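K.L.:
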Amino acid sequence: MIEPGGYVRDIFLKPVGDSVTAHGWVKTRRDSKGVSFIQLSDGSTFADLQIVVEAGAILDEVLAGVTTGASLRVSGELVASPGAGQAVELKASLIEVIGTADTATYPLQKKGHTMEFLREKAHLRSRSNTFGAVFRVRSALSFAIHQFFQERGFLNVHTPLITTSDAEGAGAMFGVSTLDLLNLPRTEAGQIDYTSDFFGKRAHLTVSGQLEAEIFALAFTNVYTFGPTFRAENSNTPRHLAEFWMIEPEMAFCDLDGNRALAEQFLKAIISHVLNHCEADLAFFNQRVDNTILSTLEQVATADFEHVTYTEAVSILEKAGRAFEFPVFWGADLQSEHERYLTEETFKKPVIVTDYPQEIKAFYMRRNDDEKTVRAMDVLAPRIGEIIGGSQREERHDVLRDKITAQGLPLEEYWWYLELRKYGSVPHAGFGLGLERMLMYITGMKNIRDVIPFPRTPGDAEF
RNA sequence: UCCCCGUUAGCUCAGUUGGCAGAGCGCUUGACUGUUAAUCAGGAUGUCGCUGGUUCGAGUCCAGCACGGGGAGCCA
Numbered sequence: 148m149i150e151p152g153g154y155v156r157d158i159f160l161k162p163v164g165d166s167v168t169a170h171g172w173v174k175t176r177r178d179s180k181g182v183s184f185i186q187l188s189d190g191s192t193f194a195d196l197q198i199v200v201e202a203g204a205i206l207d208e209v210l211a212g213v214t215t216g217a218s219l220r221v222s223g224e225l226v227a228s229p230g231a232g233q234a235v236e237l238k239a240s241l242i243e244v245i246g247t248a249d250t251a252t253y254p255l256q257k258k259g260h261t262m263e264f265l266r267e268k269a270h271l272r273s274r275s276n277t278f279g280a281v282f283r284v285r286s287a288l289s290f291a292i293h294q295f296f297q298e299r300g301f302l303n304v305h306t307p308l309i310t311t312s313d314a315e316g317a318g319a320m321f322g323v324s325t326l327d328l329l330n331l332p333r334t335e336a337g338q339i340d341y342t343s344d345f346f347g348k349r350a351h352l353t354v355s356g357q358l359e360a361e362i363f364a365l366a367f368t369n370v371y372t373f374g375p376t377f378r379a380e381n382s383n384t385p386r387h388l389a390e391f392w393m394i395e396p397e398m399a400f401c402d403l404d405g406n407r408a409l410a411e412q413f414l415k416a417i418i419s420h421v422l423n424h425c426e427a428d429l430a431f432f433n434q435r436v437d438n439t440i441l442s443t444l445e446q447v448a449t450a451d452f453e454h455v456t457y458t459e460a461v462s463i464l465e466k467a468g469r470a471f472e473f474p475v476f477w478g479a480d481l482q483s484e485h486e487r488y489l490t491e492e493t494f495k496k497p498v499i500v501t502d503y504p505q506e507i508k509a510f511y512m513r514r515n516d517d518e519k520t521v522r523a524m525d526v527l528a529p530r531i532g533e534i535i536g537g538s539q540r541e542e543r544h545d546v547l548r549d550k551i552t553a554q555g556l557p558l559e560e561y562w563w564y565l566e567l568r569k570y571g572s573v574p575h576a577g578f579g580l581g582l583e584r585m586l587m588y589i590t591g592m593k594n595i596r597d598v599i600p601f602p603r604t605p606g607d608a609e610f
């Protein structure tokens, strides 16, 4: 394997004159009479290593196998580059073609691919400039998220992916079953008999780890989850996946103000980390994908977020003097167009909206004294809308029981959730961040399917 | 799931009033002593998404279906 020090990223930092060996895949090759240039990438950094092959240095039979997509081991001397694009380059004295790639059929070319085409080549697209940058940023972002919480004493909890309760009473869920679909056991009433199923009752893939995270918050004080989440909604948009990754911190002894403050610190910290550690990748996105991302990210990392209540937001929208497609009135949920107006036109930066009407929010959100609103918060970002959703949780047993009943949810399914409010209940709060939504925001990528390695969407689970 | 748009060479696309299937890039052959999406010259490459229909004749008109994109809803 390649050890630290052997990545292309490391080779760039070595002194001129060193003997080095590089491994990677050929991105492209240029020939002149007497000299060839090979762009070699191993994914460790945005820049390719330029390999220079002088006339006679390498056998023609070997060089014939050096084509776009082929994998190589190259040894030679690191030299200062007289060309403009790079400080150093590798003067090859030995090239081994590890795996060839037929130029007639290799799908990736030097330029001109659409995201849609590359999505169909998900097994090769990670070798491209764009997807190399996307997945390096994704990895750095994931690290920054763990670091942020670990440094603050948060416990990382692995909540289950298979669940027998419907966490929010909302959203279609994927069933998990070992029953024979061609021969389903039936109850006398004709319903499917899940008592003979693997878990003895109906099971699903989780739509959120929040309820289990609350259990851990009431034992470990501050916790967070970071794992995959599943929604079986038939959503066909550039912002939805059937399988995506979500981060859900949950804090005991915390109210909505603390929750809001943490969300803002969190976003600033992880954006700063990426700004400091992925400069070349971000420069590429800023140049080729969206020329506003660098200035936007720098602003978000430093400027204070706006905070308005739902009631204030509605008031702003009513005074906007604009004909929205969906009417604005107190009690209506904010639509995409309303969120965009607030973030892109009114404030031009992230906005945290709090205290939504009880009727449009989930049962577990803490009811305010006005009996009409709940301690909910949405962090809205320019261009992509809701990036974080969270709330202070209802910690009062009787109020929570009433809210579950009022929303028509089965009390018995929530027995343990209610029992947490009987034994040492404390005010607590948390939020959820969609990793892919955050990545879209950071990279400027327009389709969520292009910031996850292998997207799952309705009708598509290839790879 | 609803609305709109699209599907022509490996890729990105043009294709006029229904009348011989096109370009650029990629690939390939050659030229060129240092390129940066190299450049220059030549060459090959087609189930016009699928199934029907209209017509003397359909890439072009009509219908259905499939797939893709954008917008909406659901939401992270």
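Heads up, the first sequence is in my numbering, so the first residue is 148 and it goes up one at a time.
Idealized CB from N, CA, C, for every residue including glycine.
Predicted, not measured: the structure shown is a model, and the values here were computed from it.
(1) Is the region 566 to 573 touching the region 543 to 552 in the sense that three or more CB pairs, one from each, lie closer than 8 Å?
(2) Answer with buried or exposed for Ala-366, where buried requires no fewer than 16 other C-beta atoms within 10 angstroms of its C-beta.
(3) First and last residue of the alpha helix (DSSP H) that includes Phe-413?
(4) By alpha-carbon positions, which one of Arg-386, Gly-322, His-293, Pro-307 ends up nearest to Asn-594?
(5) Which residue wins for smallest C-alpha separation from Leu-241, given the options Ser-462, Val-447, Lys-508, Glu-224?
(6) Per DSSP, what are the beta-bridge partners of Glu-99 in this structure?
(7) Mapping the DSSP letters down to three states, classify Arg-487 as helix, strand or coil.
(8) Where Gln-294 and Met-148 are concerned, what is the direct C-alpha to C-alpha distance, given to the nearest angstrom?
(9) Which ranges does the alpha helix (DSSP H) cover as unbroken runs of at least 4 residues, wholly within the region 431 to 458, from first to last along the chain?
(10) Taking DSSP's pairing of strands, which residues face Leu-187 in a bridge?
(11) Just the Cα atoms here: how many angstroms apart are Val-498 and Val-455?
(12) Run the CB neighbour count on Ala-239, radius 10 Å, all protein chains shown included, and call it buried at 16 or more, exposed below.
(13) Flag this pair as touching only if the region 274 to 294 and the region 420 to 436 have three or more C-beta atom pairs under 8 Å; answer yes or no.
(14) When we look at the beta-carbon of Phe-431 and count the other beta-carbons within 10 Å, is it buried (16 or more) or exposed?
(15) For Gln-539, which of helix, strand or coil comes out of DSSP?
(16) Would the region 268 to 276 count as touching the region 328 to 339 if we require 3 or more Cβ pairs under 8 Å?
(17) Thinking Ala-360 and Thr-376 are a contact (beta carbons under 8 Å), I'd like their distance in whole angstroms, please.
(18) Measuring CB atoms only, is the region 461 to 472 touching the region 500 to 515, in the sense that at least three cross pairs come out at less than 8 Å?
(19) Specify the secondary structure class of Phe-391 as computed by DSSP and reduced to three states.
(20) Over what stretch of residues does the alpha helix (DSSP H) that includes Met-262 continue unbroken?
(21) Buried or exposed for Gly-206, please, with buried defined as at least 16 other CB atoms from any protein chain shown within 10 angstroms of its CB.
(22) In whole angstroms, what separates the C-alpha of Glu-491 from that of Phe-471?
P.N.:
On the basis of the data shown:
(1) Short answer: they touch.
(2) That one is exposed.
(3) Its alpha helix (DSSP H) spans residues 403 to 424.
(4) Of the candidates Arg-386, Gly-322, His-293, Pro-307, the one whose C-alpha sits nearest the C-alpha of Asn-594 is Arg-386.
(5) It is Glu-224.
(6) Missing from the structure shown is residue 99; the chain here goes from 148 to 610 and no further.
(7) Here Arg-487 carries a helix assignment [DSSP, helix/strand/coil].
(8) So the alpha carbons of these two residues sit roughly 27 Å apart.
(9) Here the runs fully enclosed are 440 to 449.
(10) Beta-bridge partners of Leu-187 (DSSP): Val-173, Leu-196.
(11) Computed Cα separation, rounded: 7 Å.
(12) Under this definition Ala-239 is a buried residue.
(13) Verdict: yes, contact present.
(14) Phe-431 should be labelled buried.
(15) Judged by DSSP in its simplified three-state form, Gln-539 adopts strand.
(16) Using a C-beta cut-off of 8 Å, the region 268 to 276 makes no contact with the region 328 to 339, since fewer than three inter-stretch Cβ pairs fall below that distance.
(17) Ala-360 to Thr-376, Cβ: 12 Å. No contact.
(18) In this structure the region 461 to 472 does not touch the region 500 to 515; the number of beta carbon pairs closer than 8 Å is below three.
(19) Phe-391 falls in the strand class under three-state DSSP.
(20) In the DSSP annotation of this structure, the continuous segment of the alpha helix (DSSP H) that includes Met-262 starts and ends at 262 to 267.
(21) Residue identity differs from the one stated: residue 206 is Leu in this sequence, not Gly. Result: exposed.
(22) The alpha-carbon atoms of Glu-491 and Phe-471 are separated by roughly 15 Å.
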